[in-house]
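**Student:** Just so you know, the working numbering puts 448 at position 448 of the sequence shown, and the rest follows in order with no gaps. All C-beta atoms, glycine included, are put in the ideal place defined by N, C-alpha and C. Every value quoted in this text rests on a predicted model; they were computed, and no experiment measured them.
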Amino acid sequence: MSLLLGAIVDALGGSLEGGLRDTAVLRIAPLETAGPGDISFLSHPRYQQQLAASRAACVIVAPAMREPALARGACIVADNPYVYFARVTQLWRQHHGAAVQPGVHPSAVVDADAVVHPSASVGPLCVVERGAHIGAGTVLKSRVTVGEHCHIGARCIVHPGVVIGADGFGFAPQGGEWVKIEQLGAVRIGDDVEIGANTCIDRGALQDTVIEDGVKLDNLIQIGHNVHIGKHSAMAGCVGVAGSATIGAHCTVGGGAIVLGHLELADNVHISAATVVTRSLTKPGQYTGMFPIDDNARWEKTLPHSNNCTACESASRRWSRLSRQHERKNNSMMDIHAILKQLPHRYPFLLVDKVIELESNTRIKAIKNVTFNEPYFMGHFPGHPVMPGVLILEALAQAAGLLAFDAMGKVPDANNIYYFVGIDGARFKRPVEPGDQLILDITIDRVRGGIWKFKAVARVGEEVACEAELMCTMRSVG
């Protein structure tokens, strides 16, 4: 199998220089391994040393590299050598690859109400469910599943094991159990999309999940329900995009990166590998949220000096939290014995009796049982005892401390104290009296410069007793 250099230039353009049109090309190969019968390419000037040493019959180069290439031998000069190389691979496949045959393989299962274009190809063991649509020239490789009412446009390539239109991950919590939210949307995929092996694209809950024209998805990618990916964006392997995220056009997402749900990425946003996108990105550009691997002890020492300390601290907290979850039988509750290990406060100033919910690094719900025996009732309106508002705020701050200690993977000691450093917007809605059970609900708002900001609400039953924004920080005193 071969192609003539003249045939390549006739089909793809470019200028053949220093070589003969009837030179046969037997193989496409990298510069460093190419032999006398091979064609290769130079994608960047930094590989010029490899160009000089290459034994290739012909090398595709940019105009700026014409002279060094001619000093070595034959070359094809093209404006974009990497794109020209891509076109050469397509030309090679057209001449030497097995042609894709349109039609449905005998082992595939296609519902009678599905629509498959006559020029499309449905491979072995594929399943195309009721109401699905497969566009012109689209190729489904083996074992692809296309769910009910999902639409795939023209000239798409869907590699083995892909699942399009599985149910999105939607459940409503009720009484410690989960109630399934039926996923009533579908998946709409545009034209010229390529989807790598074993990638999953979930159907929408109510609206459709949308993949626009020209999108390229690598292997083992998870696209959650109601995600919208703009035209000509590309994602490398093992990317995860959570539900209802919106990715703009011409974006790239590196391997292993994660985009959290309900976020928006503007057009031309580029995410580095292994980055966790935790906020919307409204301006084009390159974004990175990873840090280099190191010995753990040295990594912890250098962490505070990182230019992206908040992100690193967040990652550190996440790993610490996962470790604690393995050790803890029940992450969602904390009795008084566990609280005493986490807080330095003691009677009569310990104002949290029990933790009933704990979502690590997110929120906490705790209880303070207000009894008539509280020492402050003896002097605070003794004829009509009322819990002082400052102590309600203190109870909220102690619950916030438990949440922060859990997130950081730390406990208080003689060298570190968790200080209450600010209150904003404190409002008192109802008095708290003996016999009330005070429910303390705390959510992390943000962490910046070592200052933790919380949204805090204290309730009695369904009534709000107090709400405020609290600020706290850890300080070394040793």
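Looking only at DSSP bridge pairs, what is residue 8 linked to?
**Tutor:** Position 8 of the sequence shown, counted from the start, is the residue given in the question as residue 8. Paired residue(s): none; residue 8 is not in a bridge.
**Student:** Three Cβ pairs or more, each shorter than 8 Å: is that satisfied between the stretch 369-380 and the stretch 420-434?
**Tutor:** Segments in contact, yes.
**Student:** Going by other Cβ atoms of all chains shown within 10 Å of its Cβ, with 16 needed for buried, is residue 138 buried or exposed?
**Tutor:** Here residue 138 refers to the residue found at position 138 of the sequence shown. Answer is buried; the Cβ neighbour count reaches 16.
**Student:** So what's residue 19 in DSSP terms, helix, strand or just coil?
**Tutor:** On the sequence shown, position 19 is the one that residue 19 refers to. Of the three classes helix, strand and coil, the one that applies to residue 19 here is coil, per DSSP.
**Student:** Count the other C-beta atoms from every protein chain shown that fall within 10 angstroms of the C-beta of residue 184, then say buried if there are 16 or more, exposed otherwise.
**Tutor:** Reading the sequence shown from its first residue, position 184 is the one you call residue 184. Classification of residue 184: exposed, given that the 10 Å Cβ count is below 16.
**Student:** For the alpha helix (DSSP H) holding residue 66, just list the boundary residues, first then last.
**Tutor:** Locating residue 66 in the sequence shown gives position 66, counting from the first residue. 66-72 is the span of the alpha helix (DSSP H), which, as asked, contains residue 66.
**Student:** Which residues mark the beginning and the end of the alpha helix (DSSP H) in which residue 341 is found?
**Tutor:** Here the question's residue 341 lines up with position 341 in the sequence shown. From DSSP, the alpha helix (DSSP H) with residue 341 extends over 336-342.
**Student:** Comparing alpha-carbon positions, which option in 191, 200 and 76 lies nearest residue 58?
**Tutor:** Residue 58 sits at position 58 when you count from the first residue of the sequence shown. Of 191, 200 and 76, the residue nearest in Cα terms is 76.
**Student:** Which of helix, strand or coil does DSSP assign to residue 329?
**Tutor:** Along the sequence shown, read from residue 1 onward, the residue named residue 329 stands at position 329. Residue confidence for residue 329 is low, a pLDDT of 37 falling below 50, so the modelled location carries little weight; the figure read from the coordinates is stated next. Residue 329 falls in the coil class under three-state DSSP.
**Student:** For residue 181, collect the residues of the same chain with a Cβ closer than 7 Å to its Cβ; drop the 5 residues on either side in sequence, then sort them by chain order.
**Tutor:** Counted from its first residue, the sequence shown places residue 181 at position 181. 170, 171, 172 and 205.
**Student:** Quick one: residues in its chain with C-beta nearer than 6 Å to the C-beta of residue 280, no 5 flanking neighbours on either side, listed in chain order?
**Tutor:** On the sequence shown, position 280 is the one that residue 280 refers to. The answer, listed in chain order, is 263 and 264.
**Student:** Taking buried to mean at least 16 other C-beta atoms within 10 Å of its own C-beta, is residue 452 buried or exposed?
**Tutor:** Within the sequence shown, numbered from 1, the residue matching residue 452 stands at position 452. With 16 or more other Cβ atoms within 10 Å, it is buried.
**Student:** As a quick exercise: from 449, 257, 96 and 244, pick the residue whose alpha carbon is nearest that of residue 235.
**Tutor:** Locating residue 235 in the sequence shown gives position 235, counting from the first residue. Comparing Cα positions, the closest option is 257.
**Student:** In chain order, what are the residue ranges of uninterrupted alpha helix (DSSP H) at least 4 long that sit wholly in the stretch 99-167?
**Tutor:** DSSP runs (the alpha helix (DSSP H)) wholly in the stretch 99-167: none.
**Student:** Considering residue 459, what are the terminal residues of the beta strand (DSSP E) in which it resides?
**Tutor:** In the sequence shown, the residue the question calls residue 459 occupies position 459. From DSSP, the beta strand (DSSP E) with residue 459 extends over 451-460.
**Student:** Check whether the stretch 188-203 and the stretch 153-162 are in contact - that is, three or more C-beta pairs closer than 8 Å.
**Tutor:** Segments in contact, yes.
**Student:** Would you tell me roughly how many angstroms separate the C-alpha atoms of residue 479 and residue 461, rounded to the nearest one?
**Tutor:** Examination of residue 479 is not possible in this model, given that the chain is present from 1 through 478 alone.
**Student:** Is residue 463 helix, strand or coil by DSSP?
**Tutor:** Here residue 463 is taken as the residue at index 463 of the sequence shown, counted from 1. Three-state DSSP puts residue 463 in a strand.
**Student:** Considering only DSSP beta bridges, list what residue 424 is partnered with.
**Tutor:** Within the sequence shown, residue 424 is the residue found at index 424, counting from 1. DSSP lists 469 as partners of residue 424.
**Student:** Assuming residue 403 contacts residue 444 under a Cβ cut-off of 8 Å, what Cβ separation, rounded to an integer in Å, is found between them?
**Tutor:** Position 403 of the sequence shown holds residue 403. Position 444 of the sequence shown holds residue 444. Residue 403 to residue 444, Cβ: 7 Å. Contact.
**Student:** Between which two residues does the alpha helix (DSSP H) holding residue 93 run?
**Tutor:** Position 93 of the sequence shown, counted from the first residue, corresponds to residue 93. It spans 81-96 - the alpha helix (DSSP H) in which residue 93 sits, taken as one unbroken run.
**Student:** Leaving aside the five residues before and after residue 153 along the sequence, list all residues of the same chain whose C-beta is less than 8 Å from its C-beta, in chain order.
**Tutor:** Here residue 153 refers to the residue found at position 153 when the sequence shown is read from its first residue. Once the five neighbours on either side are set aside, the close Cβ partners of residue 153 are 135, 138, 189, 190, 191, 192, 193 and 213.
**Student:** Quick one, are the C-beta atoms of residue 36 and residue 56 less than 9 Å apart?
**Tutor:** For the purposes of this step, residue 36 is taken as the residue at position 36 of the sequence shown. For the purposes of this step, residue 56 is taken as the residue at position 56 of the sequence shown. It is a contact, given that the beta carbons lie within the stated cut-off.
**Student:** Do you know offhand how far residue 14's Cα is from residue 78's?
**Tutor:** Working through the sequence shown from its first residue, we reach residue 14 at position 14. Working through the sequence shown from its first residue, we reach residue 78 at position 78. Taking the straight line from one Cα to the other gives about 5 Å.
**Student:** Should residue 116 go down as buried or exposed, given a rule of 16 or more other Cβ atoms within 10 Å for buried?
**Tutor:** Position 116 of the sequence shown holds residue 116. By the 10 Å Cβ count, residue 116 comes out buried.
**Student:** Tell me which residue opens and which closes the beta strand (DSSP E) that residue 396 is part of.
**Tutor:** Position 396 of the sequence shown holds residue 396. From DSSP, residue 396 is part of no beta strand (DSSP E) but of the alpha helix (DSSP H) over 389-408.
**Student:** Give me the residue from 448, 450 and 469 with the minimum Cα distance to residue 457.
**Tutor:** Walking along the sequence shown from the start, residue 457 turns up at place 457. The option with the nearest alpha carbon to residue 457 is 469.
**Student:** Expressed to the nearest angstrom, what Euclidean distance is found between the alpha-carbon atoms of residue 133 and residue 149?
**Tutor:** For the purposes of this step, residue 133 is identified with residue 133 of the sequence shown, where counting begins at 1. For the purposes of this step, residue 149 is identified with residue 149 of the sequence shown, where counting begins at 1. Between residue 133 and residue 149, the C-alpha separation is close to 7 Å.
**Student:** Taking 8 Å as the limit between beta carbons, can you name the residues of its chain near residue 95, skipping five residues before and five after?
**Tutor:** On the sequence shown, position 95 is the one that residue 95 refers to. Hits under 8 Å: 1 and 3.
**Student:** Label residue 283 either buried or exposed according to how many other C-beta atoms from any shown protein chain fall within 10 Å of its C-beta, with 16 as the threshold for buried.
**Tutor:** Locating residue 283 in the sequence shown gives position 283, counting from the first residue. Looking at its Cβ environment, which holds fewer than 16 other Cβ atoms inside 10 Å, residue 283 is exposed.
**Student:** Using a Cβ-Cβ cut-off of 7 Å (strictly less than) and excluding sequence neighbours within five positions of residue 336, which residues of its own chain qualify?
**Tutor:** Your numbering for residue 336 matches position 336 in the sequence shown. If we look at residue 336 and ignore the five residues flanking it on each side, its Cβ neighbours are 353 and 354.
**Student:** Does DSSP put residue 438 in a helix, in a strand, or in coil?
**Tutor:** Here residue 438 corresponds to residue number 438 of the sequence shown, with the count starting at 1. Note: residue 438 maps to strand in three-state DSSP.
**Student:** Alpha carbons only, please: which of 145, 176 and 177 is nearest the one belonging to residue 199?
**Tutor:** What you label residue 199 is simply residue 199 of the sequence shown in a count that begins at 1. Out of 145, 176 and 177, 145 has the C-alpha closest to the C-alpha of residue 199.
**Student:** Assign residue 419 to one of two classes, buried (16 or more other C-beta atoms within 10 Å of its C-beta) or exposed (fewer than that).
**Tutor:** One-based indexing of the sequence shown puts residue 419 at position 419. It is exposed - the Cβ of residue 419 has fewer than 16 other Cβ atoms within 10 Å.
**Student:** Cβ atoms of residue 53 and residue 32: under 9 Å apart, would you say?
**Tutor:** Start at 1 with the first residue of the sequence shown, and residue 32 comes out as number 32. Start at 1 with the first residue of the sequence shown, and residue 53 comes out as number 53. Yes, these two residues count as a Cβ contact at 9 Å.
**Student:** In angstroms with no decimal places, state the Cα-to-Cα distance between residue 127 and residue 297.
**Tutor:** Your numbering for residue 127 matches position 127 in the sequence shown. Your numbering for residue 297 matches position 297 in the sequence shown. One C-alpha to the other measures close to 51 Å.
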